[in-house]
Ligand code: 13P
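Below is the structure:
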């Protein structure tokens, strides 16, 4: 059964580790992530962007697929199904479809409007036992055509949003989605420290987990990060493995064209990536 992410992240923050949010795109992604979490006895969050939700046939399709897998693959570790960077309307759609967690990304609204909309969504989510993430300070890079600039959040604004009762908070600290450019200055630990001082026990979220060096990830966890989002890295691993399979001509040998064979190396590559991240984040055996 899907669970809200509130409890698992509270435990993570208190235990000084982070739970990975891995974005899903299809059945292979979902199965690879769930099986890895089960094998490593780790809690996990499946992230669904609005674009990925549409791609998979809609939120109800996603809920049906994930619930079916939990039951039929015997997944017993805590799993949350989370809307990633949701707009106001899509937060409601996911609440209705049966997601167990949502993110309202109001970071592009003036702070008063972000406050008003977040307040309303906190109430709607909590009435259904669903956890809610909010964001302050746009995360840079491009995701589903939305380009942010990698700002550092204002710690006072973070406090304001945290006080609305959100379960965890994404604060921009110079992180961006996708690959980091060669001239990236790194995470702003000064900002993270200031945010944590004002938000106390609230679990903090680090977006743009792809390509952040291990030492920065570990330091961010010591400063209150309890959820780390990874998307691009699984895509890169999947695509490289699929490319290698085709370049080796394996699709033309025997029944190598069977999609179950064609997609197998990519599936294994996602599993290896997720395992590496769970070990780095410290969530292994924390289910
Ligand atoms: P990456 O694609 O950079 O790993 O970021 C994922 C993310 O933050 C999803 O919200």
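Numbering (the numbering used here), first residue to last: 35 to 321. Glycine is no exception: its CB is placed at the ideal position from the N, C-alpha and C atoms.
Q) Going by beta carbon distance, what residues of the same chain come within less than 8 Å of residue 65, once the five residues before and after it are set aside? A) 103, 107 and 301
Q: Can you say whether residue 95 is buried or exposed, counting buried as having 16 or more other CB atoms within 10 angstroms of its CB?
A: exposed
Q. When you compare each of 274, 240 and 285 to residue 222 by their alpha carbons, which one comes out closest?
A. 240
Q.
Within 10 Å of its beta-carbon, does residue 236 have 16 or more other beta-carbons around it, so buried, or fewer, so exposed?
A. buried
Q. Between which two residues does the alpha helix (DSSP H) carrying residue 254 extend?
A. 248-256
Q.
For a test of the three-state rule: what should DSSP assign to residue 261, helix, strand or coil?
A. strand
Q. Name the DSSP bridge partner or partners of residue 103?
A. None; residue 103 has no bridge partner.
Q) Taking contact to mean at least 3 C-beta pairs separated by less than 8 Å, is the segment 278-285 in contact with the segment 60-80? A) no
Q: Reducing DSSP to helix, strand and coil, say where residue 227 ends up.
A: helix
Q) Is residue 220 closer than 9 Å to residue 21 when the C-beta atoms are compared? A) Shown here, the chain extends from 35 to 321; a query on residue 21 therefore has no answer.
**Q.** Bounding residues of the alpha helix (DSSP H) (the contiguous stretch that carries residue 304)
**A.** 298-315
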